[in-house]
Each structure stands twice: as structure tokens, then as C-alpha cells.
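Structure first, then comments.
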């Protein structure tokens, strides 16, 4: 007998397969949704773990999650409770209406368009969903305040009190921002709760607003009165906070609390606090009175009073009482603003010294300041960048984009140099070569750096290169043993290292040299799961499908040094110019980081920046090969840095832990110096009377711009010896001129070398003496017929003259001005340093080299009479023979002096000039006797 198989039983394997596919698809979909939700967090976790800052990651995530959860729960609870209460009260009121009355009302009224919504909508779920959605939106907006909340919880004291309220300044830096954020959230939440409840009452007929009929049910009045009372209570707290916010006002004369603020606004705020409390009590009392008059009166009382008392009254008081006596009344508040602004920017630590601006430079003075002379920067950023690009970029995909100024010891001398990292910019590859393998696996890193001294040039007018070529060739002892740059300033894509294909290292003739990464940088990619996460993160399936990627491979992301530092410590503000340092054969980036606040009391906000307090408390060091990031705490007294040190215990290292060779290369950051210089233009005036009248306002000098206009002078780094100091140091400096004038009045400098790092000095010129400013020297250069004719001639001979920046060089108690001049072919991109313009006193010269220019300036005016050791005894001869012999010897002395000058031997140059001067004076006396 044949046993048959029933139909359903034959189909069961196929059905099982279909069910299996459906289950698999559902599971895959769930996994994709979860991956979309947490994929970025997983990438961040792996990256933070790879760079050694997982504790920072979890603290930040925990704070964000905590803020989100608390705000979301509180907002949802408040909105849901109010909406639920409104629904309950509205339904209860309708249920209590007599049936006949309801029928008569329905019969007398036209069809209600809201009936379907009122009767059919699942209100409980709608209210819960609406409250949840609003809570999510509010919480997402507030999660950015996680850092403010952490600072509030972990803050350390500032160590001083404000003079108005005598409150610790830490209250303003850490507590007040948190209170303001909570206040704003409370207003928003209560306002949304009121709108949500009003909508429910309107749908259920408790609120009617028509042309001929406006009414609110007693139930809605009770609920609305309760909410209005809460709003008034928050408003009273807001006015209490506004007392402290008076310290951030600016009436054009005083930054912070002014005379009007103290004598009118502050009493008014206390009055408004009382009115708001009274309005809150009146609103709550209306829950029993149930009339519109009491809430209306409360609203008019608070907001009308605010308009009159805090708007009109202070304006009238300021105009008719304070303005006529402004200086007398505002004097103590101006003094307070000056003191606190100087403290907020460390301007009170600037040491002021006199600078006589004498005209007594000599050859011997120049010899005593040889380190300053030999470090006068003749290479400007743009011409040198163009020259580097033509000579040292080697291939189109390399880029020498950023030039940094630093100092190194070469052959026992302290030298200022300019250097640039040779980074790889994969976008410069030919379009047909921009394949996935090339962009992410093959072309992964830059190679080496270029370095040249700031002063010297070759015979052709090109920079002398201390570092050049690929692999790097060192001239003078500075070597790079690990030249590969995986992390730099370029904004590049992710790259993969330790793959099955070697990486391009550098070109060599007709072939290429390849290498394999052996460092610790990047995120490991063992297993399939990590590859899936990164493939989803970058939306790049090649990360999952490529056979080149092995379990030993590592993926490098966030390779821009600023992005790395900003990701780890988003609460720090970064200087715009991270700079390259070569130390012990390796390459590092130093990124200056600032702690800032816009809540320092009575301090002037920085121009064009959202801050009124700043400290350069952190130096970040990034390894160009491994990408490791180390944060070093520079300022132990900064309360903001101290607060973050409590929040993230393992983030900052003490400055003493920085390698000693790297410590030699820290420098005072340009952005901070610029902010301080901008504010010091006004806030060097410590007297309230002088400040009010702007009698001694300074500004930055003007200098010609490339487009024919003018532009403010910018700070520059220089090696020089300060008056009275024993040796040359590395500084950043900037001259100052009086407002709307071009003569120089002072120069500001910040020291960069230990043990005086961070000390600022301003040297002030005598006000009764004219000292030429940079723009005046520029005018004199253009008025020099020899120089202007030569420039015009060059511009007409197929070349283009590029004027370099004019530098002000303080030497002893005098000022020297130096400006380079470059020539570039009209159709070329290789500027050459061809001339140096120097000015001193009334003299302006242009020569081929700096040494020749200084010789031209000082040879006739700086030599002293010959000493007995340098006088030359002549044999007895006839007067004519004697004079001829002396003339020949003087000429020989001059020629020897020029040779010594070109070789940089200032001591020998001075001796020969002294000897020549003695011969010339002797010849002059003999001529007078005969």
C-alpha cells in the first residue's frame, strides 16, 4: 500500500524557509535600526579607547545622558500632568451638565467641527505621545548644556569676590550660567504646558473665541490661574537673576553695572520681584475667585510695571541726570570695569617700562646684539610658501600649506626658523587616480618637513634649507628619523593601515618606495562587527567587502589635529595655528588651547568673540605619526581648568611631565596675544578720567596691503635681546601707535622662553618725542627716489616686485626698521629675495643683503675714534706719499670690513671700521694743517 503525503505536509519545508527568511529580515532590520541609533556612539567609544581617553568619553556620555534624561522626564511629567489634568477637568465639567441643557445647546448651535476629535480621539495616548515628543525635543535642545551642569557641580573657587555683591567670582563663572539655563527651561516648559492645556480646553468647549462670543469655563480659569501663578513665580526668580546680569551691561561708557544700574535698575528689580510674587499670589487666589479681572490686573502690574520701571524710568534718569554729570557719577564704575577687565585678560600683569627711543646705535651695539641682527625675519609667509611650493612639494599630491615660526639651536647659536610639514592631500591626485584603494589604502601619509632660517638666502635669492627633500635631508644636524605624517592640519578622509597592500611612502626616480605602518595609531579592526560599524558610519561598503582589510588592520579617523583635540575636549577653545615641532627625530604638533567664559563680571567682551575671560591654560601635543594626544596644564591658578581637572581626573598632565625638548618649543599663542593687544589699546589707561576722555587711545599700526589699500599690522615672532637682559629670547611683539596717528607710541611683547614664559611687557616711548611708526617709514621708503625708481624699473622688465612686511626691531634703546623686497617673474611662482630695505633715524637704504644695508646705515655714523691698539703707525715719507699710503690702507680696511660683514663677523667688521675711521681722521687733520 502506498502512503501518500498530504498537501500541507509537503509545503511545510517551503513555509519554514519563508518564515526563516522573514525572521532573519526582521532581525536584520532591528540590528540596522539599533546600529543607526548607536553606531556613532560605538565609533566614538572605540576611538576614545584607542587614544586612551575612555574615561573622558564615559563621563561626557554620562553627563549628556543624565541631562537628557532629567530634562526629558521633568518636561514630560509637567506637560503630561497639565494636559491630563485639563482633559480630566474638561470631561468632568461636560459630564455634570444637565442632559436637557446639553440637548438644547446642541440643537441651538451649528454642527461642531471639533466633535469628531473630541469624541473619537484616544486622548490618553495622544496626551502621552504629545508630552513625550515635546519632552524629547526640549531635552535634545538642552543636552548641549551638559558642560555647564558639570561645571556647576564640580566647580572650584576663583579666589576673589566681585565688588558689587561681594559674591565669589566662581558663582558668576559656574553657577549663574546653570541658573540661567534652568530658568529658560522652566519658562519654555510652563509655556508649552499652558498651550497644551489650552488646546484641550478649546477642543472640549471650555474656551470659546468667536466674533460674538468669548468665554472661558471656571474649570479652565482655575487651571490657567495655577499655571499663571507658577509663571509669575519663575518670573520673580528671573528678576532675582537679573540683578547679577546687570554686571554684563554696556552703556557705551561703563561695561558692567553703571550708576543708573545701581541707583535705578537694582531697586526696580527688587520692586519687580515683589510685584511678581504678589502677582503669583493673586493668580493663585483667583483659583477661588475665578474672574478674569484678577489675572489681567496681575499681568498689567508686572509687565506694565516692567516697561515703565525698567524701561522708561532708567532711560529718563540716564538722559536727564547722569549724562550731564557722567564722568563724576560714573567714575567709580569705570574704575571697577577697568580693574576687572584687566584681571579677566591678565592685562594687569603687563609690566610697563620706559623706552627712550634714542638714536645712538653703533657697530659695536650691533655686535653686542648679534643674535637679534642674525634673526631679523626677511622671509614673509606668502613669498616663502610660494617658494617652498615650487622647490619642495616634489609631487602634486604633497602640500606645504602652513608656515610656522620657531627657534632651534644650530651649531651653538639660537636661531629663528620657518618650517612647514609636507602633508599629503589626496584630493590633488589626478581624477582617474582617485580610486577607493588609492584614497584610503595607498596614499595614507605625508613625508618630512622643510625648514629654513628666517634671515639667510642663497646667491640666487632663495631660502637656505636646513631640511629638504624626501626622505628628509638635514643640513646642520637636525634630523628626522620618523618623517611620516599621518596626523596633521589637512582635512583628509579616513585611511587604513596594516592592510594586505603596502602604503606609498615617497617617489624615488621612476619608481616608488613603499612602507608599512608599525605604530600604535588608529582603531583596530578585528572581526566583522567593527567593520560593519565603520562601514555604516562612513556609508562605505568597501570597508566590509575589501579583501585588503585584515584583522590586523587599523583605521585612522579624525586625522586633523584640531579635530582630534576638539573631539576629546570640546569645552576648550583652540588657537587657529597649531605648529610643527621636530624633537628627538620625531615630528609633533603643539596646539594651544584656551579656557574661556562670557560670564566674568564687569569685563569688556573681546572684539568679535563671545568671551570676556580667557586663559591659555592647556598645551596639547599631538604625535604626527601615532596621533597620540597629551594635554599639559600650564596654569594651575585658572579655576575653569581646575574645574575640568576635577571633572576629568585623567585628562590633564602637569607641565613638568612634558618632554624637556618639547618644553623648549612652547610659545605664547598668537590669538591670545592679539586679543590682549586689542584690549590693551584702551585698557592701558588705568585712570578713569583718561579712559572716559579716550585721551591716550592706541591702535595697531597701518601697513600697505597687496591690493593697494592698507591693513592693520599683525603680531610677529622674533628673537631679540631686551634692554638690560643678558641674552636673546624668543618673543611675540607688536608696535602701537596713537589713535588716528602714525607715529609709534609703544611696543608690546610676550616672552616665550623659560623661565619667563608668559610674561608681558609694554615699552612706552616718551610722549614728547617723535618716533616714526611703520606707516611713516613706508611713506619715506616710497619717497626715496633711488628705491622708487628701482622698483618702477623692475616692475617694467617682466618682473613683479613684492614688498615684504616692515618689521620694527628694538635694539638696546633704539628702533631699527627692516623690510624685504622680492622679485617674481610675471608668469612665475618663484619669488626671490633680492633686496633688503633698512631704515634708522632719518636714513633709508636698500641693499642686496641685510649686512650691506646695515653697513650703509652705520658706516659713517657709528664708528668711534681709533684706540691705540688699532691705530696704524706710518713710516716717515713726504706728505703726498703719506696721504696716498693712508688712503690705500683705508681702502684696504674698508674692503676687509665688507668681507667680514658678508661672512657675519661683526666683531672683525667693527675693528676694521674703527681702524679705517682713525686713518680718515688722521688724513683730515693733516689736510687741515697744510
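Numbering (this note's numbering), first residue to last: 1 to 930. All C-beta atoms, glycine included, are put in the ideal place defined by N, C-alpha and C.
Alpha-carbon to alpha-carbon, residue j and residue i
| i | j | result |
| --- | --- | --- |
| residue 821 | residue 810 | 21 Å |
| residue 837 | residue 845 | 6 Å |
| residue 466 | residue 584 | 16 Å |
| residue 399 | residue 535 | 29 Å |
| residue 318 | residue 245 | 19 Å |
| residue 496 | residue 444 | 8 Å |
| residue 626 | residue 571 | 24 Å |
| residue 740 | residue 698 | 9 Å |
| residue 717 | residue 709 | 24 Å |
| residue 75 | residue 203 | 23 Å |
| residue 793 | residue 671 | 40 Å |
| residue 106 | residue 88 | Because the pLDDT of residue 106 is 44, which lies under 50, any placement of that residue in the model is unreliable, and the number read from its coordinates should be weighed accordingly. C-alpha separation (whole angstroms): 22 Å. |
| residue 524 | residue 621 | 22 Å |
| residue 424 | residue 609 | 33 Å |
| residue 580 | residue 483 | 12 Å |
| residue 916 | residue 365 | 18 Å |
| residue 918 | residue 362 | 16 Å |
| residue 589 | residue 695 | 43 Å |
| residue 292 | residue 217 | 11 Å |
Helix, strand or coil at residue i according to DSSP, with G and I counted as helix
| i | result |
| --- | --- |
| residue 415 | strand |
| residue 735 | strand |
| residue 840 | strand |
| residue 491 | coil |
| residue 944 | Not covered by the structure: residue 944. The range shown for the chain is 1 to 930. |
| residue 138 | helix |
| residue 690 | helix |
| residue 823 | strand |
| residue 251 | coil |
| residue 625 | coil |
| residue 741 | coil |
| residue 91 | helix |
| residue 781 | helix |
Burial state of residue i (16 or more Cβ within 10 Å)
| i | result |
| --- | --- |
| residue 307 | exposed |
| residue 797 | exposed |
| residue 650 | exposed |
| residue 457 | buried |
| residue 541 | exposed |
| residue 56 | buried |
| residue 865 | Reliability fails at residue 865, whose pLDDT of 39 lies under 50, so the model's placement of it is uncertain and no value is given. |
| residue 619 | buried |
| residue 832 | buried |
| residue 506 | buried |
| residue 812 | buried |
Residue i versus the options, residue with shortest Cα-Cα distance
| i | options | result |
| --- | --- | --- |
| residue 734 | 792, 789, 805 and 685 | 805 |
| residue 219 | 746, 90, 576 and 416 | 90 |
| residue 289 | 225, 763 and 785 | 225 |
| residue 131 | 85, 788, 149 and 143 | 85 |
| residue 72 | 393, 129, 561 and 356 | 129 |
| residue 763 | 756, 746 and 769 | 746 |
| residue 145 | 68, 549, 406 and 136 | 68 |
| residue 557 | 48, 276, 277 and 500 | 48 |
| residue 408 | 856, 730, 765 and 788 | 730 |
| residue 566 | 545, 594 and 539 | 594 |
| residue 371 | 780, 415 and 232 | 415 |
| residue 957 | 441, 442, 427 and 392 | Examination of residue 957 is not possible in this model, given that the chain is present from 1 through 930 alone. |
| residue 616 | 648, 676 and 586 | 676 |
| residue 176 | 138, 237 and 561 | 237 |
| residue 674 | 358, 345, 327 and 275 | 345 |
| residue 70 | 719, 812 and 182 | 182 |
| residue 239 | 263, 377, 303 and 891 | 303 |
| residue 643 | 61, 171 and 53 | 171 |
Min CB distance residue i to chain D below 8 Å
| i | result |
| --- | --- |
| residue 551 | Of the chains in the structure shown, none is chain D; there is only one protein chain. |
Please give the ranges of any beta strand (DSSP E) in the stretch 497–540, keeping only runs that are unbroken, at least 3 residues long and fully inside the region.
Fully enclosed beta strand (DSSP E) runs of 3 or longer: 503–508 and 511–515.
Extract the residue ranges of the alpha helix (DSSP H) inside the stretch 351–375, only unbroken runs of 4 or more that lie entirely within it.
Secondary structure in the stretch 351–375: the alpha helix (DSSP H) runs of 4 residues or longer, each lying completely within the stretch, are 363–368 and 370–373 in chain order.
With a floor of 3 residues, list each beta strand (DSSP E) that falls wholly inside the stretch 270–339, ordered by position along the chain.
Entirely contained in the stretch 270–339, not one beta strand (DSSP E) run reaches 3 residues.
In chain order, which continuous runs of the beta strand (DSSP E) of length 3 or greater are located wholly inside the stretch 613–692?
Fully enclosed beta strand (DSSP E) runs of 3 or longer: 613–623, 629–633 and 652–654.
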